[in-house]
Structures are given as C-alpha cells and as structure tokens.
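Sequential numbering from 1 applies to the sequence shown in full-length UniProt numbering.
See below for the structure under consideration.
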Amino acid sequence: MYINSPKFEVGNVVSDWNESPSDSASASAVDSLTTKVNQQGTSISSIGNRTTSLENGLSTAQNNIAKKADASALQDLRNTVTSQGAI
Numbered sequence: 001m002y003i004n005s006p007k008f009e010v011g012n013v014v015s016d017w018n019e020s021p022s023d024s025a026s027a028s029a030v031d032s033l034t035t036k037v038n039q040q041g042t043s044i045s046s047i048g049n050r051t052t053s054l055e056n057g058l059s060t061a062q063n064n065i066a067k068k069a070d071a072s073a074l075q076d077l078r079n080t081v082t083s084q085g086a087i
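Written out as structure tokens, the structure reads:
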C-alpha cells in the first residue's frame with residue numbers, strides 16, 4: 001500500500017479534491033505555448049505569401065527583360081539592314 005500526496009485539513013468538514021497549483025501552472029504554460037505556436041504559424045504563412053509574391057514579381061521582370069532584349073535585337077537587325085541599303 002502506498003500513500004501519495006496526503007491532504008491535511010483543519011476542522012470537521014471535509015472539502016472536495018482541489019487541483020494542485022502546479023497542475024494549473026502547467027496548463028497555463030501549455031496555453032501560452034499553444035498561443036506562441038499559432039503566432040509562429042501565422043508568421044510563417046505570411047512569409048510564404050510574401051515569397052510567392054516576390055517570385056511572381058521576379059518572373060514578370062524576367063519576361064519583360066526577355067521582351068526588351070528581343071526588341072533590342074530586332075532594332076539592331078533593322079539598323080543593320082537599313083545601313084546596308086536594303087530598306
């Protein structure tokens with residue numbers, strides 16, 4: 001037979017079981033950690049959205065640069081043909 005966590009009371013009225021303050025502190029710590037994890041999840045999601053936005057912007061810039069390079073090459077060809085008197 002083992003006795004674990006005895007409770008001593010003064011008087012002749014027995015009280016109900018009470019939660020240990022350390023149990024309550026642990027529950028509070030878990031709630032605090034849950035809140036922090038949720039905040040981090042929101043932050044990570046936000047960073048993911050910004051990264052996607054940056055990738056889309058970079059893709060657009062690359063396409064515009066490619067178009068500009070094609071237009072520049074076409075203009076160079078046009079100038080060459082014109083200087084040779086073909087146009």
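Glycine included, C-beta positions come from ideal geometry on N, C-alpha and C.
It should be emphasised that the depicted structure is a prediction, and the values quoted were computed from it without experimental measurement.
Expressed to the nearest angstrom, what Euclidean distance is found between the alpha-carbon atoms of Q39 and S24?
23 Å
Inter-residue Cα distance where the pair is V30 and N49
29 Å
Do you know offhand how far I3's Cα is from T42's?
47 Å
Expressed to the nearest angstrom, what Euclidean distance is found between the alpha-carbon atoms of G11 and W17?
16 Å
From which residue to which residue does the alpha helix (DSSP H) around N79 run?
21-83
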